[in-house]
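Under UniProt numbering, the sequence shown has 201 at position 201, and the numbering climbs by one with no breaks.
Here is the structure we will look at.
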Amino acid sequence: MRFGLIGAGRIGALHATTLASLPAVNGLVVCDIDRGQARAVADRVGAVAVDTLDEMLAAGIDAAVVTTSTSTHASLIQQIAAAGKPVFCEKPIAPDVAGTRAVLAAVQQAGVALQVGFQRRHDPGIAAIRAAVVEGRLGDLHLLRSCTHDPAPPPATYVATSGGIFRDCAVHDFDIVRWVTGREVVEVSATGTNRGAPYFAEASDVDTAAATLTLDDGTLAICTATRYNGAGYDVRLEAHGSAGALTAGLDARAPLPPAATGEPYTGFGERFHDAYAAELAAFCDLVTGTGTNSCTGEEALAALLVAEAAELSRRKGRPVLVEEVPR
Ligand SMILES: NC(=O)c1ccc[n+]([C@@H]2O[C@H](COP(=O)([O-])OP(=O)(O)OC[C@H]3O[C@@H](n4cnc5c(N)ncnc54)[C@H](O)[C@@H]3O)[C@@H](O)[C@H]2O)c1
């Protein structure tokens, strides 16, 4: 199969390396508005570089991977879907609920598959917790704790257009809480603070946040996020039930001394290297019809609705029902 990849930045360069290594992929076309960036990545992985989406689509691709900046995802997905090609897109589909729904409608109309990049679903530790929950090995689930702690804040330009810490960052935790439990989030109570750079407050955002989610069976999930975890990149999940508990991500490289003893993870590329590779292998299987969709657009929308509820709760200073979120 021949794949197209559009957006040769941080995550795009990583995905290009993975795609070039997959046995099912025997041709790769890399596109970026920054011509030098597209060529640098293409040359490194033995791919062809092009300048525009039209050129990428005309190159005879079987499927496309979208790893451009967030604000471009919705339009690119719709154009690729209209060309009849299956799409893998990094989160988010669109910055808001209305935009996401419009893309989902266009994808459905085009009759193509859309897989969204919530790669934690492919993390072996998190998948093992899900399996234990599904098989009832933890008994009745009572509490989940999920965290996304970045080692250092992104630049002001990124924060200004990120949509805020819940939509940009904790949305991964919200997706994983739904996926691991198979339950829906009913209510969110969230708060946040700023003790770091002033550009968070200037963007009406926070640098550190916590959200308590109440699931439809009464299970509680506590999600925390910070842009200032100087010890390293820390993504962990704990599940506590009446018959046992499991944790994911507390390995030697977790930035939590003295429990962890190795070189701390510096970022998502290291922590989720294998999960990113697994999600693209799964997308290949989806394209060839040998696998199922590991994260549909509807699943991504459900996680976004929780993030919207969290943002609303933080701003209003009260618990918010997910069904209150404007649809
Ligand atoms: N799943 C994850 O863990 C994860 C991690 C990092 C980033 N992301 C997502 O991936 C996306 C990219 O993030 P990044 O950190 O790699 O950004 P980045 O800024 O490093 O790269 C984006 C690239 O897209 C290119 N680009 C922008 N608009 C384009 C267009 N219209 N056509 C072609 N190329 C275009 C830019 O020139 C740049 O090279 C974001 O939406 C982000 O939310 C997801």
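The C-beta atom is built at its ideal place from N, Cα and C for all residues, glycine as well.
Source: prediction; values computed, not measured.
Q: Please list the segments of the alpha helix (DSSP H) lying wholly inside the segment 96–174, counting only runs of 4 or more residues, in order along the chain.
A: 97–110, 124–134 and 156–161
**Q.** Integer Cβ distance of Val45 from Ala24, believed to fall under 8 angstroms
**A.** Contact doesn't hold; Cβ gap of about 15 angstroms is too wide.
Q) Heavy atom of ligand 1 less than 7 angstroms from the Cβ of Cys31, yes or no? A) yes
Q | Cross-strand partners of Ser242 (DSSP beta bridge) | A | Answer by DSSP bridge pairing: none, since Ser242 is not bridged.
Q | From His142, Pro258 and Glu202, residue whose alpha carbon lies closest to that of Glu238 | A | His142
(Q) Going residue by residue through the segment 170–256, where are the continuous alpha helix (DSSP H) segments of at least 4 residues, counting only ones entirely within it? (A) 171–181 and 199–202
Q.
For Glu308, list the residues DSSP reports as bridge partners.
A. Answer is none; Glu308 lacks a bridge partner.
**Q.** Cβ pair count under 8 angstroms reaching 3, the segment 261–281 against the segment 187–198
**A.** no
Q. Going by the beta-carbon positions, is the gap between Leu5 and Leu22 smaller than 8 angstroms?
A. no
Q: In the DSSP assignment, find the unbroken alpha helix (DSSP H) run with Ile77 in it and report its ends.
A: His73 to Ala82
Q.
Here's the rule: buried if 16 or more other CB atoms are within 10 angstroms of the residue's CB, otherwise exposed. What is Asp150?
A. buried
(Q) For Phe283, list the residues DSSP reports as bridge partners. (A) DSSP output for Phe283 lists no bridge partner at all.
Q: Measuring alpha carbon to alpha carbon, tell me which of His240, Tyr228, Leu250 and Thr212 ends up nearest Pro124.
A: Leu250
Q: Report yes or no: do three or more beta-carbon pairs, one from the segment 164–173 and one from the segment 201–210, lie closer than 8 angstroms?
A: yes
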